[in-house]
């Protein structure tokens with residue numbers, strides 16, 4: 076079973092803090108949406124609102140078009156994987172996984188069958204009799220996931236699911252969780268502050284900032300067409316330069332430019348001084364050149380004092396790029412340049428102020 | 162072999178060990194003297210004891226008054242402990258459901274205050290209740306209630322400490338899995354808190370078993386709990402019977418306290434056997450609190 080989730084204009088106040096300021100989000104059945112934001116942006120609160128662990132001041136939460144904001148968590152039929160996994164320490168793995176069926180007063184035999192089936196799904200067969208304390212971090216997470224989906228919930232909620240794992244295991248589990256989510260086909264909302272995780276796992280990513288959703292889009296769309304400088308800077312490295320009439324205006328004063336161009340470091344290439352200047356070019360002095368394994372990272376300072384970062388292939392001869400030398404970099408593919416209109420910028424700042 | 166603390170102390174370690182040894186002697190020597198006086202063949206409490214016999218132990222164990230007092234103490238203390246453990250645990254768990262921080266602080270203080278109040282205040286107050294309510298006269302109700310009150314804070318403090326150590330996400334996790342509060346209480350919270358509850362109850366029992374002030378005021382005429390009989394015995398004739406009885410009670414307490422680490426060790430070994438080699442012993446220790454863990458803190 077899987078459901079459509081619809082959140083409209085939800086406000087939440089905790090004590091003096093206005094944590095959620097009118098959040099609206101629609102999630103299609105079976106979709107994987109990640110809430111991405113800095114800590115304190117309200118993403119965990121939004122997850123708790125969906126789970127029913129946090130009451131709303133105003134606004135609606137709808138599961139398949141039915142209002143559920145007054146329903147307690149017991150009756151929402153959600154599966155939650157907590158950051159700490161919250162496995163019951165005195166119960167065996169099997170009892171943990173079949174706990175939702177115990178709560179639903181299902182017979183013993185059915186509980187054991189479901190526990191075995193779920194443990195097989197998360198690739199921990201035959202572990203039912205062991206205690207949670209005897210498992211590794213990754214195994215515990217699998218058990219928490221198995222428990223969350225054991226009662227066939229309509230929606231799966233993941234609260235920073237990878238935060239407690241080390242980097243290697245994290246990448247492995249991202250693939251694993253996505254595999255299980257696709258196999259079960261369950262609507263999933265995940266919370267994270269790790270952008271790699273968000274990009275790897277999600278169909279769509281919702282960027283949250285200061286209690287509001289800034290942009291909800293597919294990972295590629297977010298990266299290529301950020302709606303504002305916050306999103307551009309939050310997701311990967313970005314060079315933000317003032318622009319007007321399809322050119323970069325390095326020496327522009329605040330009022331004179333029509334928008335901000337977002338240039339990704341990997342889209343920039345070196346152009347020699349003899350070449351005709353391409354449209355999206357910027358000149359500067361080399362501040363830093365560092366070897367990063369798969370690429371060189373070149374940092375320039377423009378005449379206007381702005382920092383520009385550029386990725387160069389490792390095959391390149393970099394002997395000419397000493398610190399202080401003048402270079403020109405450009406984006407040869409104009410389609411790769413995204414311009415955030417200035418009006419958007421101003422409007423955004425007005426909201427924030 | 163040497164731990165970092167030992168290494169950093171250097172030669173001062175000798176001094177520390179000496180002071181520690183003296184302090185332990187200070188605690189243990191009086192008890193050893195007391196024990197030795199009960200071996201005496203004579204009929205006076207003397208140190209060093211004259212000769213060696215167990216006649217006073219036989220005397221105490223065969224005396225129906227001593228054994229009656231022991232039995233009375235045992236069952237009144239048990240009932241008081243059960244009441245204290247129930248109320249203390251309920252209070253500690255209930256407190257986590259209180260939303261307001263200020264209210265939480267106040268309630269916590271009120272639950273702990275009985276430790277600070279002198280037992281004589283309770284004794285006099287409950288004596289008044291005994292006198293005013295005629296149907297209570299001649300019963301043990303006020304004594305048991307008073308003892309339960311005195312013991313409750315210990316359970317409350319230990320169980321509260323346990324609550325602070327278990328994962329706060331357990332309850333929300335259980336509720337999103339469909340469990341209502343009775344199921345959460347019985348299947349999640351109480352089992353997780355059981356070690357803390359047991360050590361709290363043990364403390365409560367030891368304190369109540371030894372309590373004499375309330376017993377003086379509230380026992381019906383003709384009944385004596387063990388500590389009260391000891392007190393009276395010390396005032397009448399200072400016979401080795403008294404030290405023999407004290408020794409027996411102390412041995413019982415040591416036995417009970419010794420059983421707990423033993424049972425914990427057994428349970429751990431059993432848990433260890435069912436678990437494959439992949440687990441580390443440290444993670445298991447972190448997840449399974451031992452009975453006395455809360456006490457040591």
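Chains as they are written, first to last, in the working numbering: chain A, 76 to 428; chain B, 162 to 458. Cβ coordinates follow ideal geometry from the N, Cα and C atoms, glycine included.
Let me check understanding here. Comparing Cα to Cα, which of the options lies closest to residue i?
{"i": "residue 512(B)", "options": "307(B), 274(B), 276(B), 278(B)", "result": "The shown model of chain B, from 162 to 458, leaves out residue 512(B), and the question about it has no answer."}
{"i": "residue 196(B)", "options": "418(B), 411(B), 425(B)", "result": "411(B)"}
{"i": "residue 176(A)", "options": "422(B), 340(B), 256(B)", "result": "340(B)"}
{"i": "residue 346(A)", "options": "403(A), 303(A), 337(A), 380(A)", "result": "403(A)"}
{"i": "residue 298(B)", "options": "382(B), 179(B), 313(B), 374(B)", "result": "382(B)"}
{"i": "residue 250(B)", "options": "314(B), 174(B), 370(B), 278(B)", "result": "314(B)"}
{"i": "residue 376(B)", "options": "188(B), 386(B), 262(B)", "result": "386(B)"}
{"i": "residue 368(A)", "options": "340(A), 387(A), 238(A)", "result": "387(A)"}
{"i": "residue 340(A)", "options": "323(A), 370(A), 334(A), 385(A)", "result": "385(A)"}
{"i": "residue 98(A)", "options": "92(A), 83(A), 112(A)", "result": "83(A)"}
{"i": "residue 29(A)", "options": "399(A), 398(A), 373(A)", "result": "Residue 29(A) falls outside the range modelled here, since chain A spans only 76 to 428, and no answer is possible."}
{"i": "residue 211(A)", "options": "168(A), 228(A), 178(A), 234(A)", "result": "168(A)"}
{"i": "residue 308(A)", "options": "246(A), 337(A), 147(A)", "result": "337(A)"}
{"i": "residue 274(B)", "options": "360(B), 214(B), 187(B), 317(B)", "result": "317(B)"}
{"i": "residue 266(A)", "options": "234(A), 279(A), 197(A), 252(A)", "result": "234(A)"}
{"i": "residue 324(A)", "options": "77(A), 164(A), 358(A)", "result": "358(A)"}
{"i": "residue 170(A)", "options": "158(A), 185(A), 157(A), 356(A)", "result": "185(A)"}
{"i": "residue 230(A)", "options": "174(A), 155(A), 197(A)", "result": "155(A)"}
So which residues of chain A does residue i contact, with C-beta pairs closer than 7 Å?
{"i": "residue 328(B)", "result": "159, 161"}
{"i": "residue 352(B)", "result": "165"}
Taking Cβ-Cβ distances shorter than 9 Å, what residues in chain B pair up with residue i?
{"i": "residue 128(A)", "result": "333, 336, 337"}
{"i": "residue 226(A)", "result": "338, 339"}
{"i": "residue 222(A)", "result": "334, 338"}
{"i": "residue 236(A)", "result": "Those do not exist, as residue 236(A) stays about 13 Å from chain B at its closest Cβ, beyond 9 Å."}
{"i": "residue 91(A)", "result": "Correct list: empty, because the minimum Cβ distance to chain B is about 13 Å."}
{"i": "residue 243(A)", "result": "In chain order: nothing, as chain B lies at least about 17 Å away."}
Indicate the three-state DSSP secondary structure (helix, strand or coil) for residue i in the structure shown.
{"i": "residue 487(B)", "result": "No answer is possible for residue 487(B): the residues shown for chain B start at 162 and end at 458."}
{"i": "residue 262(A)", "result": "strand"}
{"i": "residue 137(A)", "result": "strand"}
{"i": "residue 178(B)", "result": "helix"}
{"i": "residue 183(A)", "result": "helix"}
{"i": "residue 107(A)", "result": "strand"}
{"i": "residue 283(A)", "result": "strand"}
{"i": "residue 80(A)", "result": "strand"}
{"i": "residue 167(A)", "result": "coil"}
{"i": "residue 95(A)", "result": "strand"}
{"i": "residue 415(B)", "result": "helix"}
{"i": "residue 382(B)", "result": "coil"}
{"i": "residue 302(A)", "result": "coil"}
{"i": "residue 194(B)", "result": "helix"}
{"i": "residue 155(A)", "result": "strand"}
{"i": "residue 142(A)", "result": "strand"}
{"i": "residue 289(B)", "result": "helix"}
{"i": "residue 164(B)", "result": "coil"}
{"i": "residue 131(A)", "result": "coil"}
On the CB-based measure, 16 or more other CB atoms within 10 Å of its CB, does residue i come out buried or exposed?
{"i": "residue 293(A)", "result": "exposed"}
{"i": "residue 380(A)", "result": "exposed"}
{"i": "residue 237(B)", "result": "buried"}
{"i": "residue 173(B)", "result": "exposed"}
{"i": "residue 256(A)", "result": "buried"}
{"i": "residue 145(B)", "result": "The first residue shown for chain B is 162 and the last is 458, placing residue 145(B) beyond what the model contains."}
{"i": "residue 314(A)", "result": "buried"}
{"i": "residue 241(B)", "result": "buried"}
{"i": "residue 255(B)", "result": "exposed"}
{"i": "residue 365(B)", "result": "buried"}
{"i": "residue 118(A)", "result": "buried"}
{"i": "residue 226(B)", "result": "exposed"}
{"i": "residue 342(A)", "result": "buried"}
{"i": "residue 350(B)", "result": "buried"}
List, in order along the chain, the chain B residues whose C-beta lies closer than 7 Å to that of residue i?
{"i": "residue 257(A)", "result": "In chain order: nothing, as chain B lies at least about 22 Å away."}
{"i": "residue 178(A)", "result": "338, 339, 340, 344"}
{"i": "residue 136(A)", "result": "Going along chain B, no residue has its Cβ under 7 Å from residue 136(A), so there is no contact; the nearest lies around 14 Å."}
{"i": "residue 146(A)", "result": "Chain B residues near residue 146(A): none, gap ~12 Å exceeds 7 Å."}
{"i": "residue 155(A)", "result": "334, 337"}
{"i": "residue 175(A)", "result": "338, 339"}
Run down chain A in chain order and give the residues with a C-beta less than 9 Å from the C-beta of residue i.
{"i": "residue 254(B)", "result": "Those do not exist, as residue 254(B) stays about 16 Å from chain A at its closest Cβ, beyond 9 Å."}
Run through chain A and tell me which residues come within less than 8 Å of residue i, C-beta to C-beta.
{"i": "residue 349(B)", "result": "163"}
Handout entry: Sequence ranges, beta strand (DSSP E) only - wholly within the region 292-373 of chain B, length at least 3
Key = none
Handout entry: beta strand (DSSP E) segments (min. 3 residues) lying fully within the region 344-413 of chain A
Key = 344-346, 355-366, 371-377, 382-387, 401-406
Exercise for the section: Please go through the region 195-275 of chain A and give each complete alpha helix (DSSP H) segment of 4 or more residues, from N-terminal end onward. Expected result: 212-225, 242-259
Exercise for the section: Within the region 190-274 of chain B, note down every full alpha helix (DSSP H) run reaching 4 residues or more, in order along the chain. Expected result: 216-223, 225-256
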